[in-house]
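Asker: Last residue of the sequence shown? That's 562 in the working numbering, and every number before it is there in order. All C-beta atoms, glycine included, are put in the ideal place defined by N, C-alpha and C. Got a structure here, written out as C-alpha cells. Questions coming.
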Amino acid sequence: MVTHSSPLVTHEAVYNFHDDASGVKAIIAVHSSALGPAAGGCRVLRYANDVDAMRDALRLSEGMTYKNALAGLPFGGGKSVIMLPENAGRPDFDRAAMFESFGRWVDSLSGAYVTAEDVGCSVQDIQMVSRETGHVAGLPAQPGFAGGDPSPLTAKGVFLSIEALVGHRLDSDLDGVVVGVQGLGHVGFALCELLYEAGAQLLVSDINAQTTAVAARLFGATVVKPEKMLDSAMDVFAPCALGAILTERTVAELKASIVCGAANNQLATAAQGQQLADRQVLYAPDYLVNAGGIINVAAEYLRETHDSVETRVAQIPTRLMKLVQRSEAEGTAMNVLADRMAQDIVSAGRRSQVA
Ligand code: NAD
208 MVTHSSPLVT
218 HEAVYNFHDD
228 ASGVKAIIAV
238 HSSALGPAAG
248 GCRVLRYAND
258 VDAMRDALRL
268 SEGMTYKNAL
278 AGLPFGGGKS
288 VIMLPENAGR
298 PDFDRAAMFE
308 SFGRWVDSLS
318 GAYVTAEDVG
328 CSVQDIQMVS
338 RETGHVAGLP
348 AQPGFAGGDP
358 SPLTAKGVFL
368 SIEALVGHRL
378 DSDLDGVVVG
388 VQGLGHVGFA
398 LCELLYEAGA
408 QLLVSDINAQ
418 TTAVAARLFG
428 ATVVKPEKML
438 DSAMDVFAPC
448 ALGAILTERT
458 VAELKASIVC
468 GAANNQLATA
478 AQGQQLADRQ
488 VLYAPDYLVN
498 AGGIINVAAE
508 YLRETHDSVE
518 TRVAQIPTRL
528 MKLVQRSEAE
538 GTAMNVLADR
548 MAQDIVSAGR
558 RSQVA
C-alpha cells in the first residue's frame, strides 16, 4: 500500500491509496477542516483514468465544505472515491476486502476524515468499512439514535425544497405539477415516492430500464429516454444521477422553470448558474437542498436522535427561500449567492480556529 498526502492551493490535503494485491485505488480529499473534521461520502465508480477520479474527489470535497457549512454542521468538507478495478464485475472479486482496505485507509487519517455512503456504495459496504475504522457513519440505526441509509433524508430535503419553489414560482401545490426525475437510484426513487404521494405527475429516466419500469408501475410515471430528459416538457427538473449535466447546451434547451435535485455538482461550470438565471429558471443550489443525507450522517456520528435530523431537514426549504428572496432582490444568481454565504461561514470558522 502506498500512501502520500499533498496539500493543494484549494484543498488542505489529498491522500492517494493503492492496494497492490487487489489493484484497488482510492483518493481521500480533505478540502477544509475550518468547521470540524472533513465529512463526506465515498463514491465507488469505474473511472476512465486517475485524472477523472481526482477531479471528482476535488470537486465533490469542495462541495461538501459548502454543504456542511450551510447546513450548520460542525464538520468540514471531504470526500473519497474508490476507483473500481477492471475485475470488479467478476464473481470472484472480493468486495468485502476492498471496503476493509478502504476502512484502514480512512482510519490511518485518525479522524481527520469521516466517511459514509455515496454513489455506488451501500449500507452493507459501509458496514464492511466499519470493521476497520470508527470514523464512519451511515450504519444501521441504533434504537433511539439517528442512522441508517441517508438517502431517504436527502430525498426529503429535496422534496420539501421542490414544494417550496413550486409554491413560489407557480403559486401552486404539487398536485398535477410535472416533475422530471433523472436517475432512480437511492435518492431519486425515494423522491418519486414523495412526489407521487403529493400528486405530482412524474417523468422518469434512468440508464437502468428495470427501475423506470417499477416507477411506471408504482407511480404511473412516464418513462423518458435518458438523452431526452432535459428537453422534455416539465415544470420541475430534478437531477438525481451524476453531476455536470447542466451545460451551456442543455440549459439552452431546458423546458423546466425550476431545477431542484439531489445530484452533486449539477452545473458544468459556474457560468451555467448565470445562464439559468438569465433564462428565468429558478435553480436550487445542489449542496443546499441535498444536505439531508449528511445531516443524518452527522447526527449518527455525534450520537444525536432521529428527531433532531427531521428538524434540521425541515429547515432546508426555509434556508432556500431566504436565498431566493435575496437573489431576486439583488439580481444575483443563486449559485453565486450560495457560494458566497458558505464561504463567509467557513472564513468565520477559520478565524475562530486561529483566535
Ligand atoms: P445511486 O447510485 O443510488 O443512483 C444513481 C442513479 O442514476 C442510478 O440508478 C443510475 O443508473 C442512474 N443514472 C446514471 N447515469 C444516468 C443517466 N445518464 N441518466 C439517467 N440516470 C442515470 O446514487 P444516489 O445515492 O441515489 O445519489 C444520486 C445523486 O445524489 C448523486 O449525484 C449523489 O452524489 C447525490 N447525493 C446523494 C446523497 C445520498 O444520500 N445518497 C446525498 C447527497 C447527494
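Count the C-beta pairs between the segment 233-244 and the segment 277-284 that are closer than 8 angstroms, then say yes if the count reaches three, no if not.
Answerer: The segment 233-244 is in contact with the segment 277-284.
Asker: Of all the alpha helix (DSSP H) runs that stay within the bounds of the segment 432-517, which reach a length of 4 or more residues?
Answerer: Listed in chain order, they are 455-460, 478-485, 493-496 and 499-508.
Asker: Once DSSP output is grouped into helix, strand and coil, what is the label at Y222?
Answerer: Your numbering for residue 222 matches position 15 in the sequence shown. In this structure, Y222 counts as strand in the three-state DSSP scheme.
Asker: What number of angstroms, rounded off, separates the C-alpha of D413 from the C-alpha of K432?
Answerer: If you number the sequence shown from 1, residue 413 lands on position 206. If you number the sequence shown from 1, residue 432 lands on position 225. In a straight line, the C-alpha of D413 is about 8 angstroms away from that of K432.
Asker: Give the secondary structure of Q331 by DSSP, where H, G and I count as helix, E and B as strand, and everything else as coil.
Answerer: For this step, residue 331 is matched to residue 124 along the sequence shown. Correct three-state label for Q331: helix.
Asker: With a threshold of 7 angstroms, establish whether the CB of C447 neighbours any heavy atom of ligand 1.
Answerer: Residue numbering aside, residue 447 sits at position 240 when the sequence shown is read from its first letter. Yes, Cβ of C447 sits closer than 7 angstroms to a heavy atom of ligand 1.
Asker: Whose C-alpha, out of V411, V504, D514 and A353, is nearest the C-alpha of A323?
Answerer: Mapped onto the sequence shown, residue 323 falls at position 116. Out of V411, V504, D514 and A353, V504 has the C-alpha closest to the C-alpha of A323.
Asker: For P347, count the other beta carbons within 10 Å of its own beta carbon; 16 or more makes it buried, fewer makes it exposed. Which is it?
Answerer: As a position in the sequence shown, residue 347 is number 140, starting the count at 1. Its Cβ having fewer than 16 others within 10 Å, P347 is exposed.
Asker: Rounded to a whole number of angstroms, what is the C-alpha to C-alpha distance between A228 and A304?
Answerer: As a position in the sequence shown, residue 228 is number 21, starting the count at 1. As a position in the sequence shown, residue 304 is number 97, starting the count at 1. Each residue's Cα considered, the two are about 11 angstroms apart.
Asker: Alpha carbon to alpha carbon, how far is G247 from S379?
Answerer: If you number the sequence shown from 1, residue 247 lands on position 40. If you number the sequence shown from 1, residue 379 lands on position 172. Distance between the alpha carbons of G247 and S379 is about 35 angstroms.
Asker: Could you check whether the Cβ of Q560 sits closer than 7 angstroms to any heavy atom belonging to ligand 1?
Answerer: Residue numbering aside, residue 560 sits at position 353 when the sequence shown is read from its first letter. Outside the cutoff, so no.
Asker: Is it buried or exposed, D442, if we count other Cβ atoms within 10 angstroms and call 16 or more buried?
Answerer: Taking the sequence shown and counting its residues from 1, one reaches residue 442 at position 235. The residue in question, D442, is buried, as its Cβ has 16 or more Cβ neighbours within 10 Å.
Asker: DSSP state of G285, grouped into three classes?
Answerer: Working through the sequence shown from its first residue, we reach residue 285 at position 78. G285 falls in the strand class under three-state DSSP.
Asker: What's the gap between the Cα of R206 and the Cα of A295?
Answerer: The requested residue 206 does not occur in the structure, where the chain is confined to residues 208 to 562.
Asker: V231 to I289, Cα distance in whole Å?
Answerer: Position 24 of the sequence shown, counted from the first residue, corresponds to residue 231. Position 82 of the sequence shown, counted from the first residue, corresponds to residue 289. Looking at the two C-alpha atoms, the distance is approximately 7 angstroms.
Asker: From the DSSP secondary-structure annotation, give me the bridge partner or partners of R250.
Answerer: Here residue 250 refers to the residue found at position 43 when the sequence shown is read from its first residue. DSSP lists V288 as partners of R250.
Asker: How big is the Cα-Cα spacing for L277 and L252?
Answerer: The sequence position of residue 277 within the sequence shown is 70, counting from 1. The sequence position of residue 252 within the sequence shown is 45, counting from 1. Looking at the two C-alpha atoms, the distance is approximately 27 angstroms.
Asker: Any heavy atom of ligand 1 closer than 7 angstroms to the Cβ of P433?
Answerer: Looking up residue 433 in the sequence shown gives position 226. Yes, Cβ of P433 sits closer than 7 angstroms to a heavy atom of ligand 1.
Asker: Please report the straight-line C-alpha distance between R558 and E219, rounded to a whole angstrom.
Answerer: Counted from its first residue, the sequence shown places residue 558 at position 351. Counted from its first residue, the sequence shown places residue 219 at position 12. Roughly 16 angstroms separates the two Cα atoms.
Asker: Measuring straight from C-alpha to C-alpha, what distance separates Q532 and R311?
Answerer: Within the sequence shown, numbered from 1, the residue matching residue 532 stands at position 325. Within the sequence shown, numbered from 1, the residue matching residue 311 stands at position 104. Whole-angstrom Cα-Cα distance: 46 angstroms.
Asker: Just the Cα atoms here: how many angstroms apart are R510 and H342?
Answerer: Indexing the sequence shown from 1 puts residue 510 at position 303. Indexing the sequence shown from 1 puts residue 342 at position 135. Distance between the alpha carbons of R510 and H342: 13 angstroms.
Asker: Determine the burial state of G354: buried for a count of at least 16 other Cβ atoms within 10 Å of its Cβ, exposed for fewer.
Answerer: Numbered from its first residue, the sequence shown carries residue 354 at position 147. Buried is the call here.
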